[in-house]
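Chemist:
Protein chains: 2
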Amino acid sequence: MTVISNKIDEIFLLPPTEKQLFLSRFERIDVLKGTIVVSAEKIERYVYFIEEGIARAFRETDKGQRTIWFGEAGGVILSFLSFFKNQPGYESIEVLEDSVLYRISSSHLQELYNLHLPIANWGRKFAEQELLLTEQRFMDLQFRTATERYEDLIKHSPTILKRVQLGHIASYLGITQVSLSRIRSAKK
Amino acid sequence: MTVISNKIDEIFLLPPTEKQLFLSRFERIDVLKGTIVVSAEKIERYVYFIEEGIARAFRETDKGQRTIWFGEAGGVILSFLSFFKNQPGYESIEVLEDSVLYRISSSHLQELYNLHLPIANWGRKFAEQELLLTEQRFMDLQFRTATERYEDLIKHSPTILKRVQLGHIASYLGITQVSLSRIRSAKK
DNA sequence: CAATTTATTTAACAAATGATAAAAAATGAA
DNA sequence: TTCATTTTTTATCATTTGTTAAATAAATTG
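Note that the protein sequences, when read in sequence, are chains A and B. Numbering of the first sequence is given in UniProt numbering, commencing with residue 1 and proceeding in unit increments. Numbering of the second sequence is given in UniProt numbering, commencing with residue 1 and proceeding in unit increments.
#1: Figure out for me which residue from B:GLN129, B:LEU112 and B:LEU166 has the closest Cα to the Cα of B:SER24.
#2: Just how far apart, CA to CA, sit B:THR176 and A:GLY123?
#3: Quickly, what does DSSP pair B:GLU27 with across the bridge? List them, please.
#4: Is the CB-CB distance between A:GLU94 and A:ARG56 below 8 Å?
#5: Kindly list, in the order they appear in chain A, the residues whose Cβ is closer than 9 Å to that of B:PHE12.
#6: State yes or no: is the beta carbon of B:GLY71 nearer than 8 Å to at least one beta carbon in chain A?
#7: Report buried or exposed for B:LYS125, applying the criterion of at least 16 other Cβ atoms within 10 angstroms of its Cβ.
#8: Quick check on B:ASN121: buried or exposed, where buried means 16 or more other Cβ atoms within 10 Å of its Cβ?
#9: Could you name the residues of the UniProt domain "Cyclic nucleotide-binding" (31–114) of chain B whose beta carbon sits closer than 8 Å to any beta carbon of chain A, in the order they occur along the chain?
#10: Distance check for B:GLY53 and B:VAL170, CA to CA, integer angstroms please.
#11: Could you compute how far the alpha carbon of A:SER157 sits from the alpha carbon of B:GLU41?
#12: Note down, in chain order, all residues in the segment 127–159 of chain A with a beta-carbon under 8 Å from any beta-carbon belonging to chain B.
#13: Does the CB of B:ARG124 have a neighbour CB from chain A at under 8 Å?
#14: Indicate whether at least one CB of chain B lies closer than 8 Å to the CB of A:ASN6.
#15: Taking the beta carbon of A:VAL47 as the centre, do at least 16 other beta carbons fall within 10 Å, making it buried, or is it exposed?
#16: Of all the CB atoms in chain B, is at least one closer than 8 Å to the CB of A:LEU180?
#17: In chain B, which residues lie less than 7 Å from A:LEU117 when you measure between Cβ atoms?
#18: Using a cut-off of 7 Å between C-beta atoms, extract the partners of A:VAL174 located in chain B.
#19: Using beta-carbon positions only, say whether A:ALA146 and A:LEU115 come within less than 8 Å of one another.
#20: Report the three-state DSSP secondary structure of A:ILE169 (helix, strand or coil).
#21: Please return the same chain residues whose Cβ sits closer than 7 Å to the Cβ of B:HIS168, not counting the five positions on each side in sequence.
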């Protein structure tokens, strides 16, 4: 649980008592490659932390699946809509390799938020951090070209590039696979 | 202060004591049309709530200003990067009409977060809500065409369409003004 | 290993959007 | 109002990206 424990500390450092309380609410699950952890059809009642493995969030469209997010060890799997508003979310999330996850239920988390100030502030910092990441994605999409976004991916997430097929990468970048292939060949 | 007071309640209902404490930290400012409330150059130490008026966030690029957000009464003016990470943000924010704002300083807010559980949870809900809005923007940009985004704007924010010039709208939609003009003429 | 499936690249054409320039319309100031 | 400025629309051409289909390469399975 070390990866996740570090991740939790990184978001907001909890006093030992609260940290322990928080961790005690987590439950380990081992999932096989291809498992759909979160389904767009359903309201999801857990937040998952990735201890080991890699995950992909995607939306089903008329033109097939389109990837909206990749997560590696230390990443958090959740549907914001599901978890914050109790609605079915936009996305489904699958693991692309056999993975080890730890999850905490919505109701446990709510209870902790309502009783423990440090944990409420942890939740706030968590939301703020995810907000910054989402804003970053938005800015990239709005202000950078597909080529630049691809180069950023090479630079900042080489692991993903190596472990994930290009069709998923292309839709993540907001372009077709053909277009990505053109970008790749232009770069040589 | 009624618009803002309602907005605060909408995010998360505070007990009367905390609500009053929270409100007591706000300060009213009246700003003239064209005032730059938040500058991309600086670290901004306030969050502003719009009681009356309309605002626009934009980034300076090599091709001129590009709008990233519009806010009306009840909206919140802040740079996430500035406020959450104490860094200069991406955007500058100006008011497009004479406006009435209420602001609370970063340090006051931090203090309230650290001492009052309900306010910490208010802050969490606020971040969660802004996260959902940002995610929505991202999804729109990624999954909908410029034409659809324009139609959504007509449907959901007719006020903005009426009060803001089309150049700003176009860059908000992520297209050129020429392209927006084409979309508008195709619709007749 | 060969056979089959899946993933990736390439090519040709269509559609959408950008860039630039000019015209038309709207706005604001004297 | 009239003139000057700003905003919006229109037109033309270049560029980018999408679409479809086929070819190549890689991975998987029996």
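Ideal placement from N, C-alpha and C gives every residue a C-beta, glycine not left out.
Modeler: Considering the structure as presented:
#1: B:LEU112
#2: 39 Å
#3: B:ARG103
#4: yes
#5: The contacting residues do not exist; B:PHE12 stays about 11 Å from chain A at best.
#6: no
#7: buried
#8: buried
#9: ARG59, THR61, ARG66, ILE68, PHE80, LEU81, PHE84, LYS85, TYR90, TYR113 and ASN114
#10: The displayed chain sequence assigns Ala, not Val, to residue 170 of chain B. Cα-Cα distance, rounded: 21 Å.
#11: 29 Å
#12: ALA127, GLU128, GLN129, GLU130, LEU131, LEU132, THR134, GLU135, ARG137, PHE138, MET139, LEU141, GLN142 and PHE143
#13: yes
#14: no
#15: buried
#16: no
#17: LEU117 and ALA120
#18: Before going further, note that residue 174 of chain A is Gly rather than Val in the sequence given. Result: GLN142.
#19: no
#20: helix
#21: ARG56 and THR67
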